[in-house]
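Number of protein chains: 2
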Amino acid sequence: MKKEKIKRLKDAGWKTGTVQEFLELTDAENALIEVRVALFEAFQKIRKEQRLTQKQAAKLLKTSQSRISKMETGDPSVTLDLMIRSLVTLGANKKDFVRIFK
Amino acid sequence: MKKEKIKRLKDAGWKTGTVQEFLELTDAENALIEVRVALFEAFQKIRKEQRLTQKQAAKLLKTSQSRISKMETGDPSVTLDLMIRSLVTLGANKKDFVRIFK
DNA sequence: TTAGTATATGTCAGATCTGATATAGTGTCA
DNA sequence: TGACACTATATCAGATCTGACATATACTAA
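As you go down the protein sequences, you meet chains A and B in turn.
Whatever position you read off the first sequence (first residue = 1), add 19 for our numbering.
Whatever position you read off the second sequence (first residue = 1), add 19 for our numbering.
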């Protein structure tokens, strides 16, 4: 119940505190969501900067268009592992993660 | 063959370029390793700052001492997911990850 | 309207991860 | 020396993830 709501709310511009209180998240749960959101937003940004469709990105990353879509919509079946591996494959380095989390 | 070597080499103070060339890593593989190293070093640092033994940390994180050890030694069976979830459970927030990757 | 392109959603078998357990190694103290 | 605390390593059943596929939805152009 929690997870599906979160992205929509964040995207709708709700303040963190408000979302956290509304969904009764612990600090750790909230931090984890912020990290996830930062990563999937970064991924979509990079893909679009490189003018790739999800299908093209899928080929590069040796996965399927559907998983790319799930990554960008914050689907709970997508792990931080997959997002980070995808980001570095598209060219992100350690330094870029500083910006991603800033 | 690659993965086991990496931590030791990095810990021994080798420069990134050198390790990367020696192990014939792609940029993406190298970036991923740098991210992993940053995370498991950060985890150990936080655990020690909080004066927790691996056993105590394991209880907090609802896992086992052996997995904590694997996390800190960069065992390949440990995912970025687990490391990031553990870090936020010990109190790290998005902002802390800026420092971790800097 | 239809066709074409891009993205989103549902499902699942096979791959990978994880907590748990056992055990080994290391350091310290008496 | 032995006992104890801490950490490292090996193994594996059950849990979770992932690529692939099917299908749906959204948008554009003719």
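Ideal placement from N, C-alpha and C gives every residue a C-beta, glycine not left out.
- When DSSP states are grouped into helix, strand and coil, A:D94 belongs to the coil group.
- Chain A places a beta carbon closer than 7 Å to that of B:L51, counting this residue as a contact.
- Closest option to A:K78, judged by alpha-carbon separation, among A:A47, A:F120, A:S105: A:S105.
- B:K113 sits close to A:V54, with the two beta carbons spaced by under 7 Å.
- A:G93 counts as buried, since at least 16 other C-beta atoms from the protein chains shown sit within 10 angstroms of its C-beta.
- For A:R104, the secondary structure class from DSSP, reduced to helix, strand or coil, is helix.
- Annotated three-state conformation of B:L44 is coil, per DSSP.
- Judged by beta-carbon spacing, B:M102 lies beyond the 7 Å limit of B:L44, meaning their Cβ atoms are not closer than that value.
- At a cut-off of 7 Å between C-beta atoms, B:I87 does not count as an interface residue with respect to chain A.
- With fewer than 16 other Cβ atoms from the protein chains shown falling within 10 Å of its own Cβ, B:F41 counts as exposed.
- Here B:R66 is buried: its Cβ has 16 or more other Cβ atoms, across all protein chains shown, within 10 Å.
- Sixteen is the threshold: since fewer than 16 other Cβ atoms of the shown chains lie within 10 Å of the Cβ of B:Q69, the residue is exposed.
- The three-state reading of DSSP puts B:L51 in helix, counting H, G and I together.
- Under the criterion of beta carbons closer than 8 Å, B:Q39 and B:N49 qualify as touching, at roughly 5 Å.
- Exclusion of the five residues before and after B:K89 leaves S96, V97 as the residues of its chain whose Cβ lies within less than 8 Å of its Cβ.
- Inclusion of A:L99 and B:D100 in the CB contact set at 7 Å is warranted, their separation being smaller than that value.
- Assigned with DSSP and collapsed to three states, B:R70 falls in coil, not helix or strand.
- Chain-ordered, the chain A residues with CB closer than 7 Å to the CB of B:L99 read L99, D100, I103.
- Taking 7 Å as the cut-off, the beta carbon of A:V117 is found closer than this to the beta carbon of B:V117.
- With the criterion set as a beta carbon lying under 9 Å from some beta carbon of chain B, the segment 60–75 of chain A has no members that meet it.
- For B:T92, no chain A residue has a C-beta closer than 7 Å to its own C-beta; the minimum C-beta separation is roughly 18 Å.
- Excluding its 5 nearest sequence neighbours in each direction, A:K74 has C-beta neighbours in its own chain below 6 Å: Q84, listed in chain order.
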